[in-house]
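Novice:
Numbering (the numbering used here), first residue to last: 9 to 180.
1. Among the residues of its own chain, which have a CB less than 6 angstroms from the CB of residue 72, if the five just before and after it don't count?
2. Using a Cβ-Cβ cutoff of less than 7 angstroms, which residues in the same chain neighbour residue 176 once the five nearest sequence positions on both sides are dropped?
3. Tell me the rounded alpha-carbon separation between residue 52 and residue 62.
4. Do the CB positions of residue 143 and residue 110 come within less than 7 angstroms of each other?
5. For residue 139 and residue 179, what's the separation of their Cα atoms in angstroms?
6. Which stretch, first to last residue, makes up the alpha helix (DSSP H) that contains residue 27?
7. Using a Cβ cut-off of 7 angstroms (strictly closer), state whether residue 30 contacts chain D.
Printed below as a string of structure tokens:
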């Protein structure tokens, strides 16, 4: 039903439909994780990041899944697999931060990964910079006229309940 509800030029409709599909897939991934279905969440997030390459929440959520696999999943016992998952998580977090520099949760998880790698000074610097920042999140125009409208309709969901092992406080 949704694709028939989009308006504008064919290019506008295609973009809107793709972005809406990415937001839907990302929301489903958040739900899948809450239900304890990490494989389904990872698949949905892979599809979301392919559908909308400018979607920082999907990249952040996929980074959470990757870091969780590294620290809490079966890969946690295999050092090379663990490192690969953590490296993937870092790349995704970097992308999310580039797309939205005020995405505080992405900075926080990046700091946790810094601390996990033994870079505690970098982690603490990142957290201090984050605490001093007054930047506001960015939202695309197609979700409304600004972050207040987008936030009110909850179009941009992301994982908010992190395992304790993924918090900077635990790693520092």
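Quick reminder that beta carbons are idealized off the backbone N, C-alpha and C, glycines included.
These numbers were taken from a predicted model, which means no experiment stands behind them.
Specialist: For this structure:
1. Numbered from its first residue, the chain shown carries residue 72 at position 64. Excluding residues up to 5 positions away in sequence, 167 lie with their Cβ nearer than 6 angstroms to the Cβ of residue 72 in the same chain.
2. Sequence index remark: in the chain shown, residue 176 carries index 168 (1-based). Here the set comprises 116, 119, 120, 123, 131 and 135.
3. Here residue 52 is taken as the residue at index 44 of the chain shown, counted from 1. Here residue 62 is taken as the residue at index 54 of the chain shown, counted from 1. When only Cα atoms are considered, residue 52 and residue 62 end up about 16 angstroms apart.
4. Taking the chain shown and counting its residues from 1, the one referred to as residue 143 is at position 135. Taking the chain shown and counting its residues from 1, the one referred to as residue 110 is at position 102. Yes, they are a contact pair.
5. On the chain shown, residue 139 is found 131 positions in, with the first residue counted as 1. On the chain shown, residue 179 is found 171 positions in, with the first residue counted as 1. Spanning the two alpha carbons is a distance of roughly 18 angstroms.
6. Counting from 1 along the chain shown, the entry for residue 27 is found at position 19. Counted as a single uninterrupted DSSP element, the alpha helix (DSSP H) harbouring residue 27 occupies residues 18–42.
7. The structure shown contains no chain D; it is built from a single protein chain.
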